[in-house]
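Student: Take 331 as the starting number for the sequence shown in my numbering and just add one per residue. Here it is, the structure in full.
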Amino acid sequence: MLAKRVVKYHWIMPICDPEPVKEAFVCGDCGRATKNATHICKPQLKKLNYTCSSCGRVTTLAEKLCKPEEIV
Ligand SMILES: [Zn+2]
Ligand SMILES: [Zn+2]
331 MLAKRVVKYH WIMPICDPEP VKEAFVCGDC GRATKNATHI CKPQLKKLNY TCSSCGRVTT
391 LAEKLCKPEE IV
């Protein structure tokens, strides 16, 4: 069943070169289940503190980026 396959959002998924997400995970910010590694939601918009100086992606955690740079 779907609920059993949903895993907690406890690892850091790189979004610069995202791997295919096999198992749905629960977003720690909005609580919704998703299979999208580059999932973004309203609660995250307030916490977009890092940008990638290589590819320009923005995210909430530096660990997700290949060349993180803090947005000031
Ligand atoms: Zn979310
Ligand atoms: Zn990047």
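We put the beta carbon where it would ideally sit given N, CA and C, even for glycine. Remember, predicted model here, so these are calculated numbers, not experimental data.
Starting from Pro348, trace the alpha helix (DSSP H) in both directions and tell me its first and last residue.
Tutor: Careful: Pro348 lies outside any alpha helix (DSSP H) and carries neither H nor E.
Student: Which runs of the beta strand (DSSP E) at least 3 residues long sit entirely within the region 355-391? Give them in chain order.
Tutor: With a minimum length of 3 residues, the continuous beta strand (DSSP E) runs that stay inside the region 355-391 are 380-382.
Student: Along the beta strand (DSSP E) that carries Glu400, what are the first and last residues, could you check?
Tutor: It spans 398-400 - the beta strand (DSSP E) in which Glu400 sits, taken as one unbroken run.
Student: Suppose contacts are defined by Cβ-Cβ distances below 8 Å. Is Ile401 in contact with Leu378 by that definition?
Tutor: A contact, by the Cβ cut-off of 8 Å.
Student: Any heavy atom of ligand 2 closer than 7 Å to the beta-carbon of Leu395?
Tutor: Answer for Leu395: yes, Cβ within range of ligand 2.
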